[in-house]
Every structure is written in structure tokens, then in C-alpha cells.
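First to last, the sequence lines map onto chains A and B.
First residue of the first sequence? That's 37 in my numbering, and the numbers climb one at a time after it.
First residue of the second sequence? That's 2 in my numbering, and the numbers climb one at a time after it.
Note that CB positions come from ideal geometry on N, CA and C, so glycine has one too.
Remarks on the structure that follows.
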Amino acid sequence: MKKIVFILFFWVVATVLPAQTLTLQKGWQLVGASNDINLTQDFNDSCIDIVWSFDNKYKSWGAYSPKSAIVKILGNIKGIHHIDTIKKGLGFWLKASTNCTLTLYPEGLSDDTNATRAQAITFLKQAAIALRESDIEYVMRHGYAAWIERQLNLPFDENRSMLNLLYTTLHRLDATRYTPQMAHPQDVARCDKTPTPMKYRLIANSLWWKRVFEDSDQLRQKVAYALSQIIVVSANSPAGNLLGWRGEGLAYYYDILQKRAFGNYKDLLRDITYSPAMAYYMTYIGSAKYDPKKGTSPDENYARELMQLFSIGTSKLNIDGTVQRVNGRDIPTYTQKDVMNNAKIFTGWDAHSKRFGATGTYSGCYLLPIAFHQAYHDYSAKEVLGHTIPAGQSGKEDIESILTILMNNNNMAPYICKKLIQRMTTSNPSAGYVKRVASVFNDNGHGVKGDLKAVVKAILLDKEARSDANPYRARMDELLTSLAHLFSTFNAKPMYGWSLYGNQVSKTNPLYWIYTGGVFDQAVMGAPDVFNFYDANYAPNDPAFVSKKLIAPELQLHTSRNLIRYANFLQKVFTKYEKFSILHIDKRYTNMDDFITNELQGKSHSSQIWTYFDLSDVYETFQKALGTDASFANLKNHPQELKRGITTLVEYLDNKMLGKRLPDDYKKVLIQELQKVGGYDKKLPKRARNIVVSAIIAIATSPYYMIIR
Amino acid sequence: MTRREFLQKSIISAASVPFLSVATADTLLASTDFDDYKALVIVQLDGGNDAFNTFIPTDATHYKSYVNARKRLAVANVNLAKDPAYTKVDGYYVAQGKNPYEASAPANPSETDPQNDIEAVYRKGMYTFGKDSLGINGVMPEFAALYEKKVLSIVSNVGTLVEPTTKSAIQNKSALLPLFLFAHDHQRRAVQTAYAQARISTGWLGRVADSWSPINGAIGLNISFFRPSTIVKGEETSPLIFGTAPDVYNNAIVAQIIEKFAQTPDHNIFEALYKRVGLKAKEISDAFKEAWKNSVDFSTFSAKNSYGGDLFSVPNPQDIGLPLTVSKLNSSIFKKLQTTAKFIQIGKDHFSFRRQVFYITMGGYDFHSAQPMDHLQRLRSLSLALSDFYKALEEMGLEDKVVLATTSDFGRTLLSNGDGTDHGWGSHQFILCGDKRFNGGKIVGKEIASYELEASENFYPSKNCKGRLIPTTSIEQMFAPILDWFGVDETAMARAFPNLSNFATNGYRSAFLQGVFG
């Protein structure tokens, strides 16, 4: 055996792997690794049966197989260890069931400064929420790194915090129906006397859109949004509906995510721990130490989810995000005992200006950090994750202790980084990608752990995120964010203000109103529970995905129902709320101001979209190509001109929306089918509108728009 | 050759041995040639229902331990069915023709402590039947009536298990336990995959659909409301996600383009997948263009709800005597069961389906806090909606063709955390069915041996006891007899419930929970 290994070693020296792909022949072969190879990531193709490698250190053979039946048998054999990596320079035997080609993942940071329009759009779908033309141009001209640097250096504008926007908005609202009594964030004395019932959460949703469409700090908004799906708080609380009515608490919470988006993860965890929204949502508000008389014990909710979801996860991970296993089983990061001890830490806290343990929707202040009540705190020592938190510490000291323990846990970097990668660039990062980002999380280069600024940069600039070669570097867009991309492309504008049932139309404080929760079950801070909108590991039952063990979490919400409703929603907004339709087809108004003013009169806040769109450039392009006037007169009798016009329209939209990524087959289908739009000979503008709107919806719901890659 | 040598040899030649290649184990397809209509309705009480306050121990010893553990959350030991103030009208418990809670609603609610009003109703008492070991919370009079009618059974202490499990086996670490007990997402997954020992991504109802595939065209066997769930996801099949009415593309050209896009060559696996997703939406849209037009109108039914309103109408809480702070009932469970009843009729008569599965999620059962209020509201809603559903089936003549059964993430701790309860393990569920073979009105499964915290606690010293019960019946043991009734044969059963054989002693049917059917 030893002799063979010796020979093998020399054979390897002479063998170098191609940089991107590895071509395998059916049957056995000897392969050498020019770089470290992560088997579970790069060698999980079903064409691979087994990999054998002799480990000189352990003097034994190690094996790897992506096939569960083989792994099962391997597990029964003593003396054979499982391997998941091959070190650079080593050789290994591999048996393939068929001829196949594997893709190996590129490593390192991208220094690409030239991005095409298509690449810039893909990048911005990863790094921004709105697709702003100015950002597309900036990325094309100066490169990804320059854009990121510029964004990271934009400070958080307190005037544009959700709380400030909420405060100024409420003070402009109808004073008779909904008293604008929300206290100013600094007005502590009035804080607990806050609201008359009001769906603040609906406004919070509106303010989110306002920031998306109006503000340039897109990367901050994107990271805050990604964090809102990792450290989840929702207006739809499983425990009750309070946050639906205390939207100021949600605004306060979202501002923490925005402020800390480029800060340190520990500071973020501390801030959210003290936030009344999280305290309510994870029910440690009013949680008291063990009371033998009442038979009550500390609430375990946050104690568990802080570990399970917000910091270290349930299973021990390697730095590259792969799961550590013993005898094929995961190793738990914590036990029920840890949860119960951790629960003692979060005792004695309740909302500011509130009687401890009191119930009721309007009791307490949701604009300030939660307050400590020592009489209810458990001062005993706590044994958590192998550490002892000494007895007698104050509530704040206890929280600081557990945060330090969690920050020092080796699981945090791979756990949080993989989640952030999956919310930004790809659902299926290679182990190497996770490792590179997690290493930055562990040390930003200046010995600091948890620096999100460095992490965000590492995620977006990694070659795996930037390379087009990797077919699995992809993520399904959410319908919500895809809508944001689309609406920003088509110039979404607020209809000058907000009026709840009343008649006040304020032109000074325009608000957007697009509540998507009722359309496709998703709106910001509206997840059904703390596990977010979709299963983080959702794997489609598609053979190609199953064989490669790929996931596509966001796809879980692309149900037939949601897709149909999404298309119907687009149909509605691009006809009823779009300038061309309003002025040339609806014709009740001769200018947009009249439309805006009259549409707002007497309408309830929930029945309207209150955002309008301007497709003038699209209609003009179409018109020019047809050589017609604003009434689209020659749509009628000239099939050749129609075809030419539609071809120009499709090319224009392909460039505008995708940077020219539609394959010819798709364009052919579009051009053919759009010519069939008809039946409105006497209403030519309407026919033109139906062509334009159908084209936009078809592209916006196509794989090329919905898949970010 | 030793066993080890043999195995090593096998691995070396693994690739050439067909049975070792990755097996989706697609063997014989079960016959889907059914000659009658049947539907299975699963209601997931999402978040972990507090079954111990839904069904309360009646035996004096157990009740005493229960009160010791529950203290302020304990339901009173008052048998409402025996209270002379409550009489039965048309099989339902009422007080002089009114709702049982009418009497307890305070005369001037605004002047009293709302928390006390809530607790007064939530803890008021229970309905007990003969010597049955569990009583039904007093806020569920319609539910009690269904139980007495013998169309509803309670399944005692059921939960996620890999194999039969005892306290001593857990203590000496020989038990193979579900992955990550007490964690919502993992336990929900275990309930849905029926494979508690590891993560897999398909559910047991999805695998039944796989075994019967193709069935019911584009619509398929499984229907899930509003959101997809793992339980209805198969290896090859996907559920239909449905709202309260079908959705159809308004723009026919767009629908046509989506279909034509799907026919172009694939460039990438994500793209290929998304084309199929689009195509399915188009097919669903087409299938429903006409289907819903002749759906049943329950306002024309002679059956009414327990307050004389139309079936599936949602009563105003105050009109039925609930305290002011209960602002509304959970309308979504009424809507989902109403849509299910409609879809059953359309599936049977319009589409000529023979088998359908409906998966309903009723949210908000994670009672860490404000339990009296939230649990009361949900149990009251559930009781009314279930009763409407059963009455609707009766009037459609289908009550013996439908089984409705519940699941939940897990049970809750016996000990409260103040005004709520934390994550537990074993829990009670229930099954509703009008088939004579079902013979309900009883408690099936092993009675809980003890409500003493220490006796029920599995893992930690008694001072940390919160009372988490080890299930004595597994999810698959409860649902296997139901799938058997549904027509799932032995092969498909093994595919749906790979762990079922761990509970069998003599043939797969020996694992079935006794008393569910026959």
C-alpha cells in the first residue's frame, strides 16, 4: 500500500487541474489537486461514485461519495475515515459513473472594473433594492469596488430614519380621525401615551418604499433588508397582533438594522436585544425568574432563537459552512439545558414606562430600549455553552456576557455569513466562498470580529459572486424585491401625499403606498413567523436540483397562485396607474395633477396603490419605430411596420430591464405573440398599451428577470 | 470472506452495482384506480398547540398534578355538560338556548379587569364523557357535540419519534431521538417529513402523491392553502397552492408567452426550473377558468351554525358571549374549511377526482405569552369552524368520505412561564370522520401516565423540570390507519412512513394505532 502512495505522490506533481473545469472519464482515474478541493461542494455531482485518498498523517484510506447508499456502507466499515477536502498537491482515485465535466469554483476577490450593463444590473440586484439608472451607469463606468466603497462611506441619514419619517408623516396626517400623537423620539415623557389605534405597520411598509425609491444609500438598505430576514421581527406576530398596532416599535427596530448595517454584529445583536419589538416578538417582555408559588419559570423563546436563528444555528459547522458530523449525525451547538439557562438571562425586562408583566396593547413605550426590573431578574449563575456566567450580575451584565459567549463561538461566522451570502448573491455558495467571507467575519484585517462592512464587501466582490462562469451562482429574486427593481426602472412616483379617509392631500410629504402582503404574501417586516417568509433550505423537487443538492429558498413563494396574482397586479398598475393610460386611454383627466388630486378623494388607504408610473420613454420608442403619432394610428393596417415596431420595443425593453440578456428564442416568441394583441381597431392607443404592458409583464416574469445571476 | 471484506469489495465496485447507485427507489406504482371519492384534510395547529389545556385530565390524581403544574393557567374541574344550567339543543350544549359563556360575561365589562374576564371564560370548565380520561375545554361546545356524536376521536400523547422511546432509554442515551427536539422548524419538519432522525426535504403526503402519480392532472393530489409546506412536497410532485378562490391570468397574451417561453431550449438549470414553474401556473390558470362557477353556496343549506347563522359565517365574539377584549374570531380557519368543502364538491363533481388531500395551516399556537386570550380565541374558532365543516359535509352527503385530522409542531411544557407555556414534545391530536368504520367518540392511544413534573421530565434534574412529555404514539402510527382507509397500499405506505416498521411487531398493520379505524 505504502508503495502505491509513493508513486501516486510523484504522479500528482506532474498533474495540474484546469482552472475552471475538470473533465472526467467513465471509470477509475487518478487525479491531482492543484488547489484545495472541497469535495462536498465541488464533487457532489451524481456522476461521481467514490473518491479514495490515502492520508499519510493517519496512515489510512479516506473516502468520499456524494451518494447516500455508498456513504451508508462506508459508515459501517471501521478504519476508513470520511474525507471532505483534498489538500493542494495531493492525488486521489476517483470513479465516475459516466463521462462528465465538473465546474470548480473560482477563488479570491474580483478586481474587475469593466461591467457590462447586464453585469451591472445583476450586481445591483444583489447589492441594492432599487435599480437606479445612475447606479447602473456608475458601476459600468467605475466598477463594482468603487460603487461599494462609495456606498459604504455614505453615512446613515437620521432624517431619513424610519422613525423620523414616521414622526414627520404622522404630524401631517388627518388630525381628526387619527390623532397625530406619536411622541417625538426624544420626548420620553409622552412616549407611553402614544397611539390611538393605527396601523403603523402599514405606514412603516410605505416608508420602506419611500426610502427604496428616493434615497441613494441602496447598499445600506439592502443589508438592512437582508438582516430583517435573518433577525426576524414581524407585524404578524404568532403571539398576538400588538406589533401590527405598534408600528413605531417596528420602525424603531428597522432603524437599528439600518444604522448597524455596516457596523459590528455584536452591537447589532445588543441593540436588537434591547429593542421593545424583539422583546415583544420573542416574548421575553415581562419574563420573570422561577416563581415556585405561581409555578412559573423564565420564557425560553428568545433564549432559544437567539442561538438557533440569530447567531450560531443548531448544528456545529466548519468555517466553510459545511456541517460537522459524527457517525453521520449533526453535532448540536446547544442543548435544552443551555436554553433553560439562557432563559434566566432574559428575565426582568419589560417595555419602558410599563408596569412589569402588564398586558394590553397600549401599555408601555416602544420608542425606547426596554427597561430592567431587578425584582424579577434571576441572579443565579448560568451555565451556557460551556461557560459560567457568574451569579449576581445585573441584567445588562448578563446580556453582555451571553453576547460575548456567542461572538466567541466558532459557529457564528460561517452561520451568519452563509445566511448573508444567500440573501445577497447566491443560494448555493461553495464552501470556499463561505470560508473566505467567514474568515473576514472572524478578522476584518485589523483583528476585529463581526465587522459587517468588511463582510459585505467580501460577499459582493468575491470572484464567485462576480463570475458569470459558475452556473450555480444564482438566486431566485423575491417577488417583493423584483417588484422594487421593476418599479424603480419604470419611474415609480408617489401621488403627492397621504390621507387616511380624510381629505388632506399634502404635497410636502409624499408617501408611496404599495402594500404587497395581500397580493403575494410578502411585505417588509411581515413574515408569518420568526423563520422568515420561506424555508431557508427549500429545495425544489427538480431532478437537476436534487442531484446537485441545490436549494432555491425564494422559489418557495413563486407558487402558481402568487405568480398569477403578481402578473395580474402588474397588469393593474401599468394600466390603471400609468401616465400614458391615464392621459390617452382613461381620458378622465387631461393632466396628472388632476388625476392625482381626484384619485385620492375619499378613497380608503388600503384600496389604492397610490403610486404612479411613467412609461413615456417606452411609448415614445414604440411610437417612433412605428412612425406614428400619439394615437398610434398606423397600428391598424401595416403588419410589417407593426412587426418592426414590436421588434424595436422588445429590444428596447431587453436593454432597459436586463442589459440585453434575453436569448433570441425568447425575443422571437415575444415578437410573434405580441403581434397577436388586437381586437381594438377602433381604440388604437389601447392596443398599443396592451402590447407594451404585455411585453413588460412577460419580461418581468421571465426566468431572465426573476433569476439573479 | 468476512463481512467487512465483503463490504469493502462492494464499495470498490460500487459504481457497477446498480442497487448501490443513488436510488429514488421508484418501484411499483400503486394502483390509483379508485372507484369512490375520498378526501383527507390535515389541519396543522401551527406553533405547537397547548393540548393539555385543550383536553384536560379528568381522573382526580392526574387532575391534581395538572393543577400543580399549571397553577393559574389550569382549566377548572367543572363538568359543564353536567351543569343543569347547560342543556342540549340539537346536540349542542347551550344555556337556556344561549351560548354557555353568556352567563359568565361580566355585566359591565369595561369596569372589570379584562385579563380576569378572559381567564374566567378560558378556565371555566370542561365537557367530560363517562369515564373518559380527558375532558374537552368548555370553550369548544360544538367540538364536544361531535365527540358525543361519535364522529370525533382524541389521540393521546402523539409526537415525533424515530422508534418507541422510553425515559430510561433517553437517560442512558440509547434512544434514537428526533433531531433537535423542541425547536419549531426542526420539529415541524419532523412532523411533515415523518423522518425525525434526519433532514429530508420531502413530506409524507408528497410521497403519497408520488406513489399515485400521475393523479388529478395539473392540480395533483395535494392542495395547500396560501403557502407551500414540506408535508405536501414530493420527490416528483408538487402541491397546488390555493387561496380562497382560484386565480386566473387576466392577460391571456402574457399567459401564452409564458407557455411559449417554456418551449424554448434551456440554457441553465435555474432557468429550466423557472420555465416549468411558469408553465404550471399557466396550466392551473387554464384548469380553473370554468371550475369555480358552479361551486356550492352554503347560505342555501338548511344546516346552520350553532347561533343560527349560515355555515362558515364568522360570529361576532361579543354576540356569542365572549369578553370584549376578544376583538374577533380567527376568520381564516372558517374560510379555509369553507373553501375545502367547496373544493371537495368541485373535485368530485367537476374534475371527477377520486382522491384529494387538503393541507390547512391555522397559525398562532405558539403560546409563550398571553395564552388565555389567544388560546381561547383559537379554540373557540376551531370548534365552530369544524362543526360547520362537518355539517356541510353531512348536507353534501360526504361526511363518511372525508377524514380531518390535526398535527402540531409539538406539545407544550406542563409548567407555565407566567402567562404562557414553552416548547414541549408529546401532545394530543384529534380525528374527525363520519365513516361508520371509524367509530369515534373515544380516546385512542396511551393515556398519559403522570402529569407530575418530575415523572414527565426526561432530560434534566427536577429543579429544572418544566414537564415535557415523551410521546407514546408516533405521528406515523396515528396517520398510517388513516392512509390505509384512504387507499394507500403497503408499498406506498412504506414510502410515506419509512419509520413505520420500527413500530411494527408483526406486519406493517401491527404498527397502526389501535382504535382509529375498527
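Asked: If you check the beta carbons only, do residue 146/A and residue 561/A fall under 9 Å apart?; Found: no
Asked: Here's the rule: buried if 16 or more other CB atoms are within 10 angstroms of the residue's CB, otherwise exposed. What is residue 367/A?; Found: exposed
Asked: What does residue 255/B reach in chain A if we use C-beta pairs closer than 7 Å?; Found: 603, 730, 733 and 734
Asked: Residue 548/A: which of 85/A, 246/A, 97/A and 130/A sits nearest, CA to CA?; Found: 246/A
Asked: Answer with yes or no whether the minimum CB distance from residue 349/B to chain A is below 9 Å.; Found: no
Asked: If you measure beta-carbon to beta-carbon, which residues of the segment 429-458 of chain B are closer than 7 Å to chain A?; Found: none
Asked: For residue 517/B, is the classification buried or exposed, using 16 other Cβ atoms within 10 angstroms of its Cβ as the cut-off for buried?; Found: buried
Asked: Please classify residue 433/B: is it buried, with 16 or more other beta-carbons within 10 angstroms of its beta-carbon, or exposed?; Found: buried
Asked: Within 10 Å of its beta-carbon, does residue 419/B have 16 or more other beta-carbons around it, so buried, or fewer, so exposed?; Found: buried
Asked: Ends of the alpha helix (DSSP H) at residue 283/A?; Found: 283-295
Asked: Nearest-angstrom Cα distance between residue 82/B and residue 445/B?; Found: 22 Å
Asked: Would you list the residues sitting across from residue 65/A in a DSSP beta bridge?; Found: 130/A
Asked: Thinking C-beta only, is residue 150/B closer than 9 Å to residue 442/B?; Found: yes
Asked: Of all the CB atoms in chain A, is at least one closer than 9 Å to the CB of residue 202/B?; Found: yes
Asked: In chain A, which residues lie less than 7 Å from residue 169/B when you measure between Cβ atoms?; Found: Result: empty, since nearest Cβ-Cβ is about 18 Å, beyond 7 Å.
Asked: Residues in the same chain with beta-carbon distance under 7 Å from residue 591/A, minus the five sequence neighbours each way, listed in chain order, please.; Found: 512, 574 and 576
Asked: When Cβ atoms are compared, which residues of the segment 579-597 of chain A fall closer than 9 Å to chain B?; Found: 579, 580, 581, 582, 583, 584, 586, 587, 588, 591, 592, 593, 594, 595, 596 and 597
Asked: Distance, Cα to Cα, residue 138/A vs residue 90/A?; Found: 22 Å
Asked: With a Cβ-Cβ cutoff of 9 Å, do residue 381/B and residue 425/B count as a contact?; Found: no
Asked: Smallest Cα separation from residue 391/B: which of 345/B, 430/B and 372/B?; Found: 345/B
Asked: Within the 9 Å Cβ cut-off, does residue 491/B reach chain A?; Found: no
Asked: Identify every run of the beta strand (DSSP E) within the segment 146-210 of chain B, keeping only runs that are complete inside it and at least 3 residues long; order them along the chain.; Found: 153-160
Asked: Just by C-beta distance, which residues in the segment 331-354 of chain A are closer than 8 Å to chain B?; Found: 331, 332, 333, 334, 335, 336, 337, 340, 344 and 350
Asked: Terminal residues of the continuous beta strand (DSSP E) containing residue 363/B?; Found: 356-363
Asked: Please list, in chain order, all residues of the same chain as residue 35/B whose beta carbon is under 8 Å from its beta carbon, the five residues on each side excluded.; Found: 355, 356 and 488
Asked: When we look at the beta-carbon of residue 376/B and count the other beta-carbons within 10 Å, is it buried (16 or more) or exposed?; Found: buried
Asked: Can you confirm whether residue 138/A, when its beta carbon is compared against all beta carbons of chain B, has any partner nearer than 9 Å?; Found: no
Asked: Does the separation of the CB atoms of residue 484/B and residue 497/B fall below 9 Å?; Found: yes
Asked: Note down the Cα distance separating residue 369/A from residue 350/A, rounded to an integer number of angstroms.; Found: 5 Å
Asked: So is residue 117/A buried or exposed if we call it buried at 16+ other beta carbons inside 10 Å?; Found: exposed
Asked: Looking at the strands, I want to know which residues DSSP matches up with residue 243/B.; Found: 226/B
Asked: Sorted by chain position, which residues of the same chain lie with C-beta nearer than 6 Å to residue 449/A's C-beta, five sequence neighbours on each side aside?; Found: 474, 477 and 478
Asked: Taking three-plus beta-carbon pairs below 8 Å as touching, is the segment 310-329 of chain A in contact with the segment 350-366 of chain A?; Found: no
Asked: Show which residues of chain B have a CB atom less than 8 Å away from the CB atom of residue 742/A.; Found: 275
Asked: Grouping DSSP H, G and I as helix and E and B as strand, with all else coil, what is residue 139/B?; Found: coil
Asked: Would you say residue 697/A and residue 154/A are within 9 Å of each other, going by their C-beta atoms?; Found: yes
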